[in-house]
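S.K.: Submitted below is the structure of interest, expressed as structure tokens.
2 protein chains.
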Amino acid sequence: MTFTRFDRYVERHARSFTERLQALCRMPSVAARGTGVRAMAETVEGMMQRAGAGTRSFKLGGGYPIIYGEFGAGHHCFIVYGHYDVQPVGQLGEWTTGPFAAEISDGLLRARGASNSKGDLLARILAIEAYQKTFGKLPVCVRFIVEGEDGLGSPSLQTFAREHAELLRADGCIWDDGYKDTQERLVISLGFKGIAFLELRAHGARTDLHSKWGGIVPNPAWRLVQALATVVSPKGVITIDNFNSHIAPIEPQDAQALKTVTLDEAQLRREFGIDGWVRGMTGRALAKELIFAPTCTICSIHTGHTGAGATTVLPGTAIAHLDFRLVPDLTPARVVELLRAHLDKRGFTDIDINLIAATSVAKSSQDSFVALAAIESAPEAYAQQPVIYPLDPASGPVGAVCGAQQPATPVVSFGISYAGSNPHGPDENIRLDDFLQGIKYFGRVIHHLGQSSAASYAQKKSTLVQLEK
Amino acid sequence: MTFTRFDRYVERHARSFTERLQALCRMPSVAARGTGVRAMAETVEGMMQRAGAGTRSFKLGGGYPIIYGEFGAGHHCFIVYGHYDVQPVGQLGEWTTGPFAAEISDGLLRARGASNSKGDLLARILAIEAYQKTFGKLPVCVRFIVEGEDGLGSPSLQTFAREHAELLRADGCIWDDGYKDTQERLVISLGFKGIAFLELRAHGARTDLHSKWGGIVPNPAWRLVQALATVVSPKGVITIDNFNSHIAPIEPQDAQALKTVTLDEAQLRREFGIDGWVRGMTGRALAKELIFAPTCTICSIHTGHTGAGATTVLPGTAIAHLDFRLVPDLTPARVVELLRAHLDKRGFTDIDINLIAATSVAKSSQDSFVALAAIESAPEAYAQQPVIYPLDPASGPVGAVCGAQQPATPVVSFGISYAGSNPHGPDENIRLDDFLQGIKYFGRVIHHLGQSSAASYAQKKSTLVQLEK
Numbered sequence: 333m334t335f336t337r338f339d340r341y342v343e344r345h346a347r348s349f350t351e352r353l354q355a356l357c358r359m360p361s362v363a364a365r366g367t368g369v370r371a372m373a374e375t376v377e378g379m380m381q382r383a384g385a386g387t388r389s390f391k392l393g394g395g396y397p398i399i400y401g402e403f404g405a406g407h408h409c410f411i412v413y414g415h416y417d418v419q420p421v422g423q424l425g426e427w428t429t430g431p432f433a434a435e436i437s438d439g440l441l442r443a444r445g446a447s448n449s450k451g452d453l454l455a456r457i458l459a460i461e462a463y464q465k466t467f468g469k470l471p472v473c474v475r476f477i478v479e480g481e482d483g484l485g486s487p488s489l490q491t492f493a494r495e496h497a498e499l500l501r502a503d504g505c506i507w508d509d510g511y512k513d514t515q516e517r518l519v520i521s522l523g524f525k526g527i528a529f530l531e532l533r534a535h536g537a538r539t540d541l542h543s544k545w546g547g548i549v550p551n552p553a554w555r556l557v558q559a560l561a562t563v564v565s566p567k568g569v570i571t572i573d574n575f576n577s578h579i580a581p582i583e584p585q586d587a588q589a590l591k592t593v594t595l596d597e598a599q600l601r602r603e604f605g606i607d608g609w610v611r612g613m614t615g616r617a618l619a620k621e622l623i624f625a626p627t628c629t630i631c632s633i634h635t636g637h638t639g640a641g642a643t644t645v646l647p648g649t650a651i652a653h654l655d656f657r658l659v660p661d662l663t664p665a666r667v668v669e670l671l672r673a674h675l676d677k678r679g680f681t682d683i684d685i686n687l688i689a690a691t692s693v694a695k696s697s698q699d700s701f702v703a704l705a706a707i708e709s710a711p712e713a714y715a716q717q718p719v720i721y722p723l724d725p726a727s728g729p730v731g732a733v734c735g736a737q738q739p740a741t742p743v744v745s746f747g748i749s750y751a752g753s754n755p756h757g758p759d760e761n762i763r764l765d766d767f768l769q770g771i772k773y774f775g776r777v778i779h780h781l782g783q784s785s786a787a788s789y790a791q792k793k794s795t796l797v798q799l800e801k
Numbered sequence: 333m334t335f336t337r338f339d340r341y342v343e344r345h346a347r348s349f350t351e352r353l354q355a356l357c358r359m360p361s362v363a364a365r366g367t368g369v370r371a372m373a374e375t376v377e378g379m380m381q382r383a384g385a386g387t388r389s390f391k392l393g394g395g396y397p398i399i400y401g402e403f404g405a406g407h408h409c410f411i412v413y414g415h416y417d418v419q420p421v422g423q424l425g426e427w428t429t430g431p432f433a434a435e436i437s438d439g440l441l442r443a444r445g446a447s448n449s450k451g452d453l454l455a456r457i458l459a460i461e462a463y464q465k466t467f468g469k470l471p472v473c474v475r476f477i478v479e480g481e482d483g484l485g486s487p488s489l490q491t492f493a494r495e496h497a498e499l500l501r502a503d504g505c506i507w508d509d510g511y512k513d514t515q516e517r518l519v520i521s522l523g524f525k526g527i528a529f530l531e532l533r534a535h536g537a538r539t540d541l542h543s544k545w546g547g548i549v550p551n552p553a554w555r556l557v558q559a560l561a562t563v564v565s566p567k568g569v570i571t572i573d574n575f576n577s578h579i580a581p582i583e584p585q586d587a588q589a590l591k592t593v594t595l596d597e598a599q600l601r602r603e604f605g606i607d608g609w610v611r612g613m614t615g616r617a618l619a620k621e622l623i624f625a626p627t628c629t630i631c632s633i634h635t636g637h638t639g640a641g642a643t644t645v646l647p648g649t650a651i652a653h654l655d656f657r658l659v660p661d662l663t664p665a666r667v668v669e670l671l672r673a674h675l676d677k678r679g680f681t682d683i684d685i686n687l688i689a690a691t692s693v694a695k696s697s698q699d700s701f702v703a704l705a706a707i708e709s710a711p712e713a714y715a716q717q718p719v720i721y722p723l724d725p726a727s728g729p730v731g732a733v734c735g736a737q738q739p740a741t742p743v744v745s746f747g748i749s750y751a752g753s754n755p756h757g758p759d760e761n762i763r764l765d766d767f768l769q770g771i772k773y774f775g776r777v778i779h780h781l782g783q784s785s786a787a788s789y790a791q792k793k794s795t796l797v798q799l800e801k
């Protein structure tokens, strides 16, 4: 069975598919502002229904609804994650056209949300539509989970994952973060780092005091600084006792995949305005650190006078927010436990640690259904090998979705963007060719999932039959 | 010559003096709000003119005027500092009566500014009036320098000190901070610590970044924490290289005076809500640290997301504000120089140090005219020995006023408040008896200055005559 008819269908409908994307992108749905988000949710639900899905809309507390849409049926089931909200538009003057004009020029569609990630959501629904039109019914069950709070930290999705874990029982999950790199190679990531977002708090006097007392009243800012200085070395190495012993060794397949990852170091240095990287790393070592190493980042410190200007006070409280990005097998609870023991051992028992937010690592082996389908379908759709990130250095609600069951659901992530998509900035855009290519690719991924899961089911059944003999 | 007639004059005019204080306290003059401050300046100038002073009003830039008033004449000249602005009133509901009602009950006058420090200003002017009425002319020249920006960090006074240094040429200076302690002893301080208020700044990426880059992009918050951790030890000891070698030994007279200083530790601990003091100090050691030790206080740290809530960013900049309180012979410039060398030696050459504000130590020996006058006049006026603080742990614009000339002008400070005056809080108040006692005391101080400076002049003259022979 070839994809000739499928591809022809996509090409024949290229114009109408593009117009449907423009229509979606013309609906503002900035979660942070609240404008048009609920209308967008209804549109997404209607769109999935027209493509043949059974849908449900979950309203959790005061948040924006989770749109759930189920396509097809089968022994195996796969989750497709998406979100229908978009980032704030930023400075209007920096856009070539309005952020919701969604005009097309030179093969680009510029709009807030085109890349992140209405283009991905629509491409995937259209791929299912095209698949059904050309092959008949889907070979597997596909469950879309589409949220409207990506820009808000996904609170409703996390509630949904806790309250409706049964809907998240699946053989794999496909996320929507991804792009072609500067060498035009499709980037497929096999998961996301976890996160443990902690608050450390040191206590001093009841209130901020006149700093003349600085010599005799304990200063929580000094206390916090002294405690923090034991956590990461001046060279940027995490020095928490026993921290490294909880990090799983890198799997050989992943070490192999890492060799294809290259960072455009010069470009990134220019973009960030930095002279060099931590510990002077470059090349393979730098990529390995980015992908496989846990991080411990001071995100903010709050102590003393926080307004404009400068005031001579002795602070009453000092707070640091630390963000640990986690790799296998570090868990948020383990990080808290190790840090607590580390600080206690050094006499910092007075410093409180609170876990504010946490997401587990979500990682797929290269042998999972979704990893195989994504990796093996890429060469035909993109005419070259993809780049495989064994782990995306970012995190997200993926841990909540894929960790709702044990063992965790394998996850892969890819998308229709490219290196110039600028998903959080002005002139966010996608290339229409990438959009259509993404539809063709997703059709192949679904097909691959159908084949491999059918083979697996047949294999399992024959094993059962043999056992019964 | 005795003070019988002087004291009787004060007692006879007790009611009218009190009414004049009430009138002053009924004029709101909160510098931070701007209401009534200029009217107050005019009132102060008129009040000094009626007492016989030649006055000038200095307007510097957009600030509130400095009122300069000169009384008497003589070979020696002394500065009396005051301020006519008051602190913000805070929560109105916490006041027994309105902050500007200035009503009297149980011998207390409650009003914002009664203690800090309209009561002191008026007591000093009234003492001069009473002195002139009973003794005739003043035995020395007294220059009042009265500002309206105590609550704003005294910017105009600092400009004035630079631009009119000739008016600050004097044989001594009397400041207006002081009170009776919980044992009803008059506190006289022989100066104030200096201050060096520094900004330390570490640099990272051009802007805050997504914290997924935390493992490879330098984090200025970690850099700042690591640098700060070398400046003060976990025990709260300043560990800057060679810092202690620039601290002058304590003079024997000052060490002697320290023995009379006692802190009400239990009360202060309750007020501050702390279990104990730095390094577990108590008693004599605690008082010595408060008075004679330099401090290094982290006043604030600014890095990463500074608004409400918590955000996972990798900060682009990290700033700490450090406040050093200085003792002899530490200077602000020396502190910057030592800290720079200390950080450079440890590889922190990338951290900027900026001196934001500085005031020199202002300190008097116990043999100066003003110290002798204050100390020796106290037993008669207060019927007991005063407590002598060799140095007030606070700082202020005193360094600008007393350091305008070299050698620096000796300074002493005392006032009419008591331990319950609550000068920055609700129900700020003074006891009327303290007010009248303060007038009697100040008359004696002026008289003492006249006698000792006349003796000094006679001595100097006879030395000259002998040299000419």
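If you read the protein sequences in the order shown, they are chains A and B. Per our numbering: the first sequence = residues 333 to 801. Per our numbering: the second sequence = residues 333 to 801. Note that the Cβ used here is the ideal one computed from N, Cα and C, for glycine as well.
(1) Hey, could you find the ends of the beta strand (DSSP E) Glu531(B) is sitting in?
(2) Mind checking Arg611(B): buried by the 16 CB within 10 Å criterion, or exposed?
(3) Leaving out five residues before and five after Ala580(B) in sequence, what residues of the same chain have Cβ atoms less than 6 Å from its Cβ?
(4) Between which two residues does the alpha helix (DSSP H) containing Trp312(A) stretch?
(5) So if I threshold CB-CB distances at 8 Å, which residues from the segment 610-641 of chain B count as touching chain A?
(6) Give every residue of the same chain whose Cβ lies closer than 7 Å to the Cβ of Phe492(A), excluding the five residues on either side of it in the sequence, and list them in chain order.
(7) Let me know the beta strand (DSSP E) ranges lying completely inside the segment 464-500 of chain B, each 3 residues or longer, listed in chain order.
(8) Whole angstroms are fine: how far does the CA of Gly480(B) sit from the CA of Ala371(B)?
(9) If you draw a straight line from the C-alpha of Ser488(B) to the C-alpha of Gly395(A), how long is it?
(10) Could you round the C-beta distance between Leu522(B) and Pro722(B) to whole angstroms and report it? I think they count as a contact, below 8 Å.
(11) Per DSSP, which residues does Lys450(B) bridge with? Please list them.
(12) At a CB-CB cut-off below 7 Å, which residues of chain A make contact with Asn448(B)?
(13) Checking 9 Å against the spacing of the C-beta atoms, do Leu671(B) and Val563(B) come in under that value?
(14) Short check: CB of Pro664(A) to CB of Ser692(A), under 9 Å?
(15) Ala787(A) and Val744(A) - do their beta-carbons sit closer together than 9 Å?
(16) If we call anything under 9 Å between Cβ atoms a contact, is Leu618(B) one with Leu595(B)?
(17) Trp554(B) touches chain A at which residues, Cβ-Cβ below 7 Å?
(18) Taking the alpha-carbon positions, what's the Leu458(B) to Glu583(B) distance?
(19) Do Phe349(B) and Ile506(B) have their CB atoms nearer than 9 Å?
(20) By the 9 Å beta-carbon criterion, what residues does the segment 402-413 of chain A contribute toward chain B?
(21) Between the segment 346-366 of chain B and chain A, which residues of the former have a C-beta closer than 7 Å to a C-beta of the latter?
(22) My assumption, with CB atoms under 8 Å, is that Ile460(B) sits in contact with Phe403(B). Please give the rounded CB distance.
(23) Pull up the CB-CB distance for Ala455(A) and Ile683(A), whole angstroms please, since I reckon it's below 8 Å.
(24) Any contact between the segment 734-741 of chain B and the segment 424-432 of chain B? By contact I mean 3 or more CB pairs, one from each, below 8 Å.
(25) Taking the alpha-carbon positions, what's the Ser557(B) to Gly547(B) distance?
(26) Is the beta carbon of Gly731(B) closer than 9 Å to that of Gly504(B)?
(27) In the structure shown, what three-state DSSP assignment does Gly679(A) receive?
(28) Give the DSSP-derived three-state secondary structure of Leu441(B) in the structure shown.
(29) Would you decide whether Leu687(B) is buried or exposed? Buried here means 16 or more other CB atoms lie within 10 Å of its CB.
(30) Give the DSSP-derived three-state secondary structure of Tyr511(B) in the structure shown.
(31) Quick check: the segment 770-778 of chain A against the segment 524-542 of chain A, are there 3 or more CB pairs under 8 Å?
(32) Can you name the residues that DSSP bridges to Leu646(A)?
(33) List, in chain order, every chain A residue whose beta-carbon is nearer than 7 Å to that of Ile548(B).
(34) Our contact map puts Phe338(A) next to Ala433(A) with C-beta atoms below 8 Å; I'd like the distance itself, whole angstroms only.
(35) Rounded to whole angstroms, how far is the Cβ of Ser784(A) from the Cβ of Leu704(A), which I believe are closer than 8 Å?
(36) Can you round the beta-carbon distance between Thr643(A) and Cys631(B) to whole angstroms, since I take them to be within the 8 Å contact cut?
M.R.: Here's the rundown:
(1) As a first step, residue 531(B) is located in the second sequence; it is residue number 199 there, counting from the start. Note, Glu531(B): beta strand (DSSP E), Gly526 to His535.
(2) Taking the second sequence and counting its residues from 1, the one referred to as residue 611(B) is at position 279. Result: exposed.
(3) Mapped onto the second sequence, residue 580(B) falls at position 248. Only Pro660 and Asp661 meet the Cβ criterion.
(4) Look at the range of chain A in this structure, 333 to 801, and you will see that residue 312(A) is not part of it.
(5) Val610, Met613, Leu618, Glu621, Leu622, Ala625, Pro626, Thr627, Cys628, Thr629, Ile630, Cys631, Ser632, Ile633, His634, Thr635, Gly636, His637 and Thr638
(6) By one-based count along the first sequence, residue 492(A) stands at place 160. Counting only Cβ-Cβ distances below 7 Å, and skipping sequence neighbours, we find Phe390, Leu392 and Ile398.
(7) 473-479
(8) Taking the second sequence and counting its residues from 1, the one referred to as residue 371(B) is at position 39. Taking the second sequence and counting its residues from 1, the one referred to as residue 480(B) is at position 148. Computed Cα separation, rounded: 11 Å.
(9) Here the question's residue 488(B) lines up with position 156 in the second sequence. Here the question's residue 395(A) lines up with position 63 in the first sequence. Looking at the two C-alpha atoms, the distance is approximately 54 Å.
(10) As a first step, residue 522(B) must be located in the second sequence, where it is residue number 190. As a first step, residue 722(B) must be located in the second sequence, where it is residue number 390. About 5 Å separates the two Cβ atoms, so the contact holds.
(11) For the purposes of this step, residue 450(B) is taken as the residue at position 118 of the second sequence. Looking at the DSSP assignment, Lys450(B) forms no beta bridge with any residue, so it has no partner.
(12) As a first step, residue 448(B) must be located in the second sequence, where it is residue number 116. What Asn448(B) touches in chain A: nothing, since even the nearest Cβ is about 13 Å away.
(13) For the purposes of this step, residue 671(B) is identified with residue 339 of the second sequence, where counting begins at 1. For the purposes of this step, residue 563(B) is identified with residue 231 of the second sequence, where counting begins at 1. Yes, Cβ-Cβ distance for Leu671(B) and Val563(B) is below 9 Å.
(14) The residue labelled residue 664(A) in the question sits at position 332 within the first sequence. The residue labelled residue 692(A) in the question sits at position 360 within the first sequence. Yes, these two residues count as a Cβ contact at 9 Å.
(15) Reading the first sequence from its first residue, position 412 is the one you call residue 744(A). Reading the first sequence from its first residue, position 455 is the one you call residue 787(A). No, these two residues do not count as a Cβ contact at 9 Å.
(16) As a first step, residue 618(B) must be located in the second sequence, where it is residue number 286. As a first step, residue 595(B) must be located in the second sequence, where it is residue number 263. Yes, these two residues count as a Cβ contact at 9 Å.
(17) Here the question's residue 554(B) lines up with position 222 in the second sequence. Simply Val564, Gly568 and Ile630.
(18) Looking up residue 458(B) in the second sequence gives position 126. Looking up residue 583(B) in the second sequence gives position 251. Roughly 36 Å separates the two Cα atoms.
(19) For the purposes of this step, residue 349(B) is taken as the residue at position 17 of the second sequence. For the purposes of this step, residue 506(B) is taken as the residue at position 174 of the second sequence. Inclusion of Phe349(B) and Ile506(B) in the CB contact set at 9 Å is not warranted, their separation being larger than that value.
(20) none
(21) none
(22) Walking along the second sequence from the start, residue 460(B) turns up at place 128. Walking along the second sequence from the start, residue 403(B) turns up at place 71. Contact holds; Cβ gap of about 5 Å.
(23) Along the first sequence, one-based indexing puts residue 455(A) at 123. Along the first sequence, one-based indexing puts residue 683(A) at 351. About 48 Å separates the two Cβ atoms, so there is no contact after all.
(24) no
(25) The residue given as residue 557(B) occupies position 225 in the second sequence. The residue given as residue 547(B) occupies position 215 in the second sequence. The amino acid at residue 557(B) is misidentified as Ser; the sequence shows Val. So the alpha carbons of these two residues sit roughly 17 Å apart.
(26) Locating residue 504(B) in the second sequence gives position 172, counting from the first residue. Locating residue 731(B) in the second sequence gives position 399, counting from the first residue. Not in contact: Gly504(B) and Gly731(B) (Cβ atoms no closer than 9 Å).
(27) Taking the first residue of the first sequence as 1, we reach residue 679(A) at position 347. Residue state, collapsed to three classes: coil.
(28) Residue mapping note: residue 441(B) aligns to position 109 of the second sequence, counting from 1. Correct three-state label for Leu441(B): strand.
(29) Your numbering for residue 687(B) matches position 355 in the second sequence. By the neighbour-count rule (16 or more Cβ atoms within 10 Å), Leu687(B) is not buried but exposed.
(30) Start at 1 with the first residue of the second sequence, and residue 511(B) comes out as number 179. Here Tyr511(B) sits in strand by DSSP.
(31) no
(32) Locating residue 646(A) in the first sequence gives position 314, where the first residue counts as 1. Its beta-bridge partners are Leu541(A).
(33) Position 216 of the second sequence holds residue 548(B). Within 7 Å Cβ-Cβ: Trp609, Val610, Met613, Leu618, Glu621 and Leu622.
(34) The sequence position of residue 338(A) within the first sequence is 6, counting from 1. The sequence position of residue 433(A) within the first sequence is 101, counting from 1. Not confirmed; about 32 Å, so no contact.
(35) As a position in the first sequence, residue 784(A) is number 452, starting the count at 1. As a position in the first sequence, residue 704(A) is number 372, starting the count at 1. About 6 Å; that satisfies the 8 Å criterion.
(36) By one-based count along the first sequence, residue 643(A) stands at place 311. By one-based count along the second sequence, residue 631(B) stands at place 299. With 8 Å as the limit, Thr643(A) and Cys631(B) qualify as a contact, their Cβ atoms being about 7 Å apart.
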